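Undergrad: Got a structure for you, questions after.
There are 2 protein chains.
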Amino acid sequence: MSTSRYVVPFAEGNRDQRALLGGKGANLAEMTRIGLPVPEGFIVTTDACRVYLEKEDLPDGLMDEVREHLDELEKAAGKSLGDANDPLLLSVRSGAPFSMPGMMDTVLNLGLHDGAIPGLAKVSGDERFAWDAYRRLLQLYGKIVMGVDGERFDHRLEEIVEASGGKDEGDLTAADFKQAVTDFLTIIEEDTGKPFPQDPAEQLEGAIGAVFRSWNGRRARDYRRMEGIPDDLGTAVNIQRMVFGNVGTESGTGVAFTRDPATGENVPYGDWLEGAQGEDVVAGIRQTQTLEDLAERFPQAYEQLRETMDILEAHERDMCDIEFTIEHSKLYMLQTRVGKRSATAALRMATEMVGEGLIDTDEAVRRVKPDQLEQLLHPQFSPDADYQALTTGLPASPGAATGTVVFTADEAHERAEAGEQVLLVRNETSPDDLHGMIAAQGILTARGGLVSHAAVVARGMGTPAVVGASELKIDMKAKSFTVNGTTVNEGDVISISGNSGEVVAGEVEVITPKPEGPFNQLLEWADGFRRLAIRTNADTGPDTAKAVELGAEGIGLCRTEHMFFGDRLPVVRRMLLADSDEQRTSALAELLEVQREDFVEILRELDGLPTTVRLLDPPLHEFLPDLTELVAKEARGELTAEDEQLLAAARSLEEENPMLGTRGCRLGIIQPDIYRMQVRALLEAAVKVEKEGLTPIVEIMIPLIVDASELELIAGWIRETAEETLERAGANVAFLIGTMIETPRAALTSGPIAESAEFFSYGTNDLTQMTYGFSRDDVEATIMPTYLEKGLFEENPFATIDVDGVGRLMQLSAEEGRATNPDLKLGICGEHGGDPKTIALAHQIGLSYVSCSPFRVPVARLAAAHAALGHAGPGSTS
Amino acid sequence: MSTSRYVVPFAEGNRDQRALLGGKGANLAEMTRIGLPVPEGFIVTTDACRVYLEKEDLPDGLMDEVREHLDELEKAAGKSLGDANDPLLLSVRSGAPFSMPGMMDTVLNLGLHDGAIPGLAKVSGDERFAWDAYRRLLQLYGKIVMGVDGERFDHRLEEIVEASGGKDEGDLTAADFKQAVTDFLTIIEEDTGKPFPQDPAEQLEGAIGAVFRSWNGRRARDYRRMEGIPDDLGTAVNIQRMVFGNVGTESGTGVAFTRDPATGENVPYGDWLEGAQGEDVVAGIRQTQTLEDLAERFPQAYEQLRETMDILEAHERDMCDIEFTIEHSKLYMLQTRVGKRSATAALRMATEMVGEGLIDTDEAVRRVKPDQLEQLLHPQFSPDADYQALTTGLPASPGAATGTVVFTADEAHERAEAGEQVLLVRNETSPDDLHGMIAAQGILTARGGLVSHAAVVARGMGTPAVVGASELKIDMKAKSFTVNGTTVNEGDVISISGNSGEVVAGEVEVITPKPEGPFNQLLEWADGFRRLAIRTNADTGPDTAKAVELGAEGIGLCRTEHMFFGDRLPVVRRMLLADSDEQRTSALAELLEVQREDFVEILRELDGLPTTVRLLDPPLHEFLPDLTELVAKEARGELTAEDEQLLAAARSLEEENPMLGTRGCRLGIIQPDIYRMQVRALLEAAVKVEKEGLTPIVEIMIPLIVDASELELIAGWIRETAEETLERAGANVAFLIGTMIETPRAALTSGPIAESAEFFSYGTNDLTQMTYGFSRDDVEATIMPTYLEKGLFEENPFATIDVDGVGRLMQLSAEEGRATNPDLKLGICGEHGGDPKTIALAHQIGLSYVSCSPFRVPVARLAAAHAALGHAGPGSTS
């Protein structure tokens, strides 16, 4: 074993050392360990990176250790770094503990210098290769280590291609590359005031530092925030002998997956290029070839590749993604990792691997991310659709959308009002664009990351969005954008996929996937592991039916206020404007009739499953027209007699902060008639459904309490009304009475509250609003994106529960509530109920259930299984 | 010692048994114990009452115990209950552990029946007395025990007085009273269907139950809520031999105080009536006589009274309030207690008794209630004013007010807009009256208690109010009220005193008292005991000066937003409407100038005392006109060019719930320029003041944080700006950086927050708003009165801190904050800072200071001393 502090050779590491060696390094070591053909190399560990980030300099003695391991490497390779006759070339690649594809930097061909080109040309027998290798080093090193604007190199190279009369780099000659080398050396010196370092040791030291620095690059930080990867892990650096797929004729390079990463089918899938270096395959400049082509072209190497893939998949018990190079007919493995896959593929692989005996069902459940399931339920581009993406941005909010392009929020709003389906395209959005974002079918931005304003707001609204599509050049004056040569004008139709980030001209056929075999199979397995019950938030019969179909085990939140809108609104207004008790009573009686029918519809869908009905929650002014509109009408002298009444009512019910005003049980306490009516409607519905031979299970929930006294008072009224109702009906229906815990004070006084409650349901939306003092409507489009971008918050607390504040209140409440009443049922019914991290918290606190929107039910089922399998947190399935 | 469970004779109790015997009973026992002349009697304990309230029936065996002690009493008195020849008569009086004057019931002359009148006439030698005694029993017993409407008796008696041609009861003859007895017996039987019980044992049992029941009477419950007396204490019943001040000629009855309860002067003060029973003195029907008259009329009894008073005051070491009766020249003590006193008197007595060596300074400090001090600082009727009160209601909100009477909120609003000072008179108020209540100088209601809507809202607004002035008969049609024969019309001027509850026709001279000798003396003593520092909330030089004069030891909250209004508003709007950075910067520079001068003014007043300056807190739309008004203007086509800009800005800054929106540090994070400007203005001011030879002590406070990250970010900006500013000025001023803790989340994450904070200041207003989910503006006039009246809340959490919710968060925050940073300074700067119960909590949590409005500073100093003396909680000084 080496005594190094900061360097580990491939031959001494293994795949369990991801934190220390990074994912790439650990896998290179593992492959070396099991005898796969990996070029020699060693790893500078993440420990060294953390020291570097702390003191902004390499750890003392690091370069000595590197030199020591380099000596070993030179011995094994039979070449020396810097040797003018036969130079050893190195690749210097980043490799973090969690995969961060393309987010960090790499330097290839390190070790070349002016004096070594003739030697390299000679040993490789390829002068063009030698100059090409050198210009690649200058290009990468100049940009990454020395900070030169990469466009300067690209631009110069384009000029050389043009001058050569060829169509791309493949057509350039040794002389052309030599010219490029001369020009690049000049660019570097001009731009940085320093020459390119001719000393390979200096190059290596610079490259290691640059890879470390790239950990804190803007894109890397954004990516980590999105993926929930901690900022203090650091990256390792993999230093490895270069092999070349672009030297001589029997060479090539490629990437491959042991199974199809798009469909999940159990056939290997890959792309390769003859006579090319790795980056050429990824860059997509040349048309790649298939594995079938490889089998034909280099049958021996192909055979070796297939064997290696089989060994790897059996070893990892998962689909692997590999990078390989064939140098002079010999196969080298440059990288492997568990492969990324589409949601469909993840499901298919997981279930098929159980069938193949490769993994157990718990492992299959672990292998699919809850959010992947959600993607499968949103509308998406049809797999049969034939389209060519104009460009690909970041998939910021799932779903597919098609619409006519507009460039301003006002235009979006106007056209949408006129019935048009629009797609809002902006460089970036701001709170001023909100009305346009609401009006749009989808949102596309040229700038911004996954926590940009557009991304956060779109996810909040459930609108598909692609952000940071940086190839888009928007011309606001011309009202058009160009992308890769195509110009799209205002009014043209485009489509976007918030699942893949693709942007497509014209309409793309969209399908809303139906859950099928592997989907249901996996969830069935998940149900066997989870301890949390999954309920749904639903207010109508059809929503309830949908949720039950997706596996909901009851309703956790039936909001009754929705039953006051639509064609009931005139009756509700009559109740609010009533001059006399009779008018009021008659309006309430009408509402009773319709509410009862609403409840009957819902209870029929839930035969034998519990239904938690929340009594009326919102402030009454929500049932009136907007005050500002009425005032404007008044100023114009346009008020009708009814308007005048409405204006008076709106004035008297107006509140500065309705969220903190007369709503929830406060309303119930001031106007007990409404609650009595609702209880009567619900129990009459239950009696009716029971007479139909079904089993209604009714739970009555009181919103927004702050003190046990409110619950006691209202529970008394409920019992009175229930007794009257059931006596009149000559029936007996059991029911529970419980309460939302959605104010901090209710959480803090849960002990006494539990004396009168049979269940608690955490209303995490309001609890978050009040714990933070955030009005979701107001802050989510204004300060939240700023807070996320500045890193003040790691997550949007309206999406993922805030463990330190809101979660702490819930934990305390659950403990003290159960201390008073050990039979207390506990659940979550805020929108957080469908969020996997929140579900993990709910599991940990020991809640009985979570409740979420119907389409999140499968996600919640899977997340609850993950929680039970002790599997949660960032990046753990990647 | 008796072996009774529920009965204690006077001779066996003492003054330390208030909880068991009630205050009255304990004092009667104590007087008996020290040999004062108390008629024989015994006490049915509060234990019995609690059993009665629980099972709605007297405890088993209670009446046997009563019979046993009655035997003793009969033996001592030499008379028997019910004896037709010489009947023993009993008084049956309530007596709760805390004084609840007039709130509960009493039955006198119990034991009389038809057959005993001749005997009583004979032994008393006074037939008129005998019939009068009987009709009094019938009247009280009928009303209290049997539930007859008391007005029926009063009305019948008035008829008899009228028929007799006399002017009041004093002119009635034996025959008249005999007639009254006949009529009253008929009324009772008609009204209740049952005859008056002729059996004295039955009378006694009925009276005991009635007294117990009166514990839960409406008025008693309201009173307890106001005074913070628990509902489950129960009352005792005092059963005592009657003595008569209305029999024969050498008799009388009176009430007296050992010192003057109005001024505090050390001379006895009293009222008495010759030939009268106790209730006649209190009823105020006949003109009472002074103690000087008593000395002249019955010199011997007077001498005995003075001696008894001296014994009592020496024994109690406090001013005593006594009831006495002289029967056939012999003095009897019927009751004593520590006397109620005016605020002025409380101060004078406390300080003088220290001078007299009667009590120590700590006791003197304990003897004055903090709220009494506040009364002394509010405007009040001049003691020299010559007025006759029309009536007296409940003093609901302190201060004196004069204005023209109006009967509707609209009228109040209109007249006030026109510059008139109005006084709003209503039967009761509702949220619809709010605009009128705001407009009025004072509020007077005929109905409602101290937690009625009018009372709660008036206290919240600091408007003087008298409520429940039940003698007022309001005629809304005629727009007038009558009270005790006087009619007052709309537009007439009246005055009210919210200290005394008095209502006076015309204007009464009002003075705003100046603190004087005893005031300052007492506070000086208080300062010696307290551990909490007292700071003030002040935003201007004059307010600061006033607070320092009243003893403030610094500013705990200097709100800078006030510095943005008034003549600065146009500049602020220029900043908000700026089209360019230059416009914005220039407006900010102007604001910098004026803010610096504001700070200079304040810092000059606080030489050597700390000044906590809160950076801008409110949402920006507060600096714009109301959106609704602008929309109405727009609808009328009246917008100027500037209005149009303002409208656009108001629309873009509009928030659904501004309380939970972009305010506090959120604003600072989005618009750092404003905070930088404020920090610069403050530090430049400090430099200037320091150059004047003064010592500025500056603390910069960041509002509304929810997470340590916000504080870190802003603290960084502050340090940067401070460094620049001080460097430019070539000066060095030390300053602290701290934060408000005013969101539940900040409280819950105080540990990490304390890493970047040098002090915490609890913003209890916002913390209460968010912990309850109550917008103070919205709920205080709507649901709060309902909640208090229904007993859902014991106190308004905006007046007295909620210990279970908000207090718990504070406690947790203080503990975790100090665990991180043991040097952390902790204070309260919400309006609760001046509330005695909150101060007790602050003391208990171990805060460093509380901060309150300038006029509450003396109250807070005293309350902090009480807290340190372990003296807080309801009723403890009464």
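Which chain is which? The protein sequence lines are A and B, in order. Position 507, counted from 1, in the first sequence is what the numbering used here calls 507; the numbers after and before it change by one each time, with no gaps. All you need for the numbering used here is the position in the second sequence, starting with 1, plus 1000. For every residue, glycine included, the Cβ atom is placed at its ideal position computed from N, Cα and C. Keep in mind that this is a model prediction, so the values were computed, not measured.
#1: Where A163 (chain A) and H155 (chain A) are concerned, what is the direct C-alpha to C-alpha distance, given to the nearest angstrom?
#2: Could you give the distance in angstroms between the alpha-carbon of D222 (chain A) and the alpha-carbon of L450 (chain A)?
#3: Candidates B:T1725, B:I1718, B:R1128, B:E1151: which alpha carbon is nearest E1169 (chain B)'s?
#4: Judging by CA-CA distance, which residue of B:D1171, B:G1147, B:G1111 is the nearest neighbour of D1199 (chain B)?
#5: So that I know if they touch, is there some Cβ in chain A lying closer than 8 Å to that of S1002 (chain B)?
#6: Buried or exposed: which applies to E1323 (chain B), given that a residue is buried once 16 or more other Cβ atoms fall within 10 Å of its Cβ?
#7: Going along chain A, which residues have a C-beta under 7 Å from D1432 (chain B)?
#8: Report yes or no: is there a C-beta of chain A within less than 8 Å of the C-beta of T1749 (chain B)?
#9: If you measure from the beta carbon of N657 (chain A) to each beta carbon in chain B, is any gap under 8 Å?
#10: By alpha-carbon positions, which one of A:P703, A:V859, A:R676 ends up nearest to P618 (chain A)?
#11: Measuring CB to CB, does S761 (chain A) end up less than 8 Å from G827 (chain A)?
#12: According to DSSP, N266 (chain A) sits in a beta bridge with which residue or residues?
#13: Can you find the residues in the same chain that come closer than 7 Å, C-beta to C-beta, to M1 (chain A), ignoring five residues on each side of it along the sequence?
#14: With a threshold of 6 Å on Cβ separation, who are the neighbours of L185 (chain A) within its own chain once the five nearest residues in sequence on each side are excluded?
#15: Could you have a look at R614 (chain A) and say whether DSSP puts it in helix, strand or coil?
#16: Against chain A, which members of the segment 1771-1782 of chain B pass a CB distance test of less than 7 Å?
#17: Compare the C-beta of Q769 (chain A) against all C-beta atoms of chain B and say whether one is closer than 8 Å.
#18: Between the C-alpha atoms of L1423 (chain B) and K1473 (chain B), what's the straight-line distance to the nearest angstrom?
#19: At what residue ranges does the segment 97-172 of chain A contain a whole run of the beta strand (DSSP E), taking only runs of 3 or more?
#20: Roughly how far, in whole angstroms, is the beta-carbon of L1616 (chain B) from the beta-carbon of I1674 (chain B), given that I think they are within contact range, below 8 Å?
#21: Just verifying my parser: in three-state terms, what is the DSSP assignment at N1238 (chain B)?
#22: Would you list, in chain order, the members of the segment 684-715 of chain A that have their beta-carbon closer than 8 Å to a beta-carbon of chain B?
#23: Kindly indicate the opening and closing residues of the beta strand (DSSP E) around V1548 (chain B).
#24: When the cut-off is 8 Å and only beta carbons count, does E1509 (chain B) lie next to chain A?
#25: Would you say G1095 (chain B) touches the ligand GTP, meaning its beta carbon is less than 7 Å from a heavy atom?
#26: Looking at the strands, I want to know which residues DSSP matches up with N1489 (chain B).
#27: Counting only the same chain and skipping the five closest in sequence on each side, list residues whose C-beta sits under 7 Å from that of E1316 (chain B).
#28: Quick check on the DSSP output: what are the complete beta strand (DSSP E) runs of length 3 or more inside the segment 509-593 of chain A, in order along the chain?
#29: Going straight from the alpha carbon of G1875 (chain B) to that of A1799 (chain B), what length do you get?
#30: Exposed or buried, which one is H1328 (chain B) when buried takes at least 16 other CB atoms within 10 Å?
#31: Let me know if Q569 (chain A) comes out buried or exposed under the rule of 16 or more other beta-carbons within 10 Å of its beta-carbon.
#32: Buried or exposed, going by whether 16 or more other CB atoms sit within 10 Å of the CB of V1859 (chain B)?
#33: G661 (chain A) touches chain B at which residues, Cβ-Cβ below 7 Å?
#34: Verify the CB distance criterion: does L592 (chain A) have a CB-CB separation below 8 Å to chain B?
#35: Ordered along the chain, which non-local residues of its own chain (more than five positions away) have a Cβ less than 6 Å from that of S1382 (chain B)?
#36: What's the gap between the Cα of G1554 (chain B) and the Cα of M1784 (chain B)?
TA: This is what the structure gives:
#1: 12 Å
#2: 7 Å
#3: B:R1128
#4: B:G1111
#5: Because S1002 (chain B) carries a pLDDT of 48, less than 50, the predicted location of this residue cannot be relied on, and the following value inherits that uncertainty. Cβ-Cβ to chain A under 8 Å: no for S1002 (chain B).
#6: Counting the other Cβ atoms within 10 Å of the Cβ of E1323 (chain B) gives 16 or more, which makes it buried.
#7: S652
#8: yes
#9: yes
#10: A:P703
#11: Against a cut-off of 8 Å, the Cβ pair of G827 (chain A) and S761 (chain A) comes out as a contact.
#12: Partner(s): none; N266 (chain A) has no beta bridge.
#13: With a pLDDT of only 42 at M1 (chain A), under the threshold of 50, the placement of this residue in the model should not be trusted; the figure read from the coordinates follows. Counting only Cβ-Cβ distances below 7 Å, and skipping sequence neighbours, we find E12.
#14: F196
#15: strand
#16: T1771, Y1772, G1773, F1774, S1775, D1777, D1778, V1779, T1782
#17: yes
#18: 16 Å
#19: 106-110
#20: 6 Å
#21: The DSSP-derived three-state label of N1238 (chain B) is strand.
#22: L704, V706, D707, S709, E710, L713
#23: Per DSSP, V1548 (chain B) belongs to no beta strand (DSSP E); it is in the alpha helix (DSSP H), 1541-1549.
#24: no
#25: Although the ligand GTP was asked about, the structure shown includes no ligands whatsoever.
#26: B:S1480
#27: Answer for E1316 (chain B): V1338, listed in chain order.
#28: 533-537, 555-559
#29: Confidence is the limiting factor: at G1875 (chain B) the pLDDT is only 35, short of 50, which leaves the residue's position unreliable, though a coordinate-based value still follows. Distance between the alpha carbons of G1875 (chain B) and A1799 (chain B): 17 Å.
#30: exposed
#31: Looking at the sequence shown, residue 569 (chain A) is not Gln but Leu. The residue is exposed, with fewer than 16 neighbouring Cβ atoms inside 10 Å.
#32: buried
#33: Within 7 Å Cβ-Cβ: S1775, D1778, V1779.
#34: no
#35: E1509, I1511
#36: The alpha-carbon atoms of G1554 (chain B) and M1784 (chain B) are separated by roughly 33 Å.
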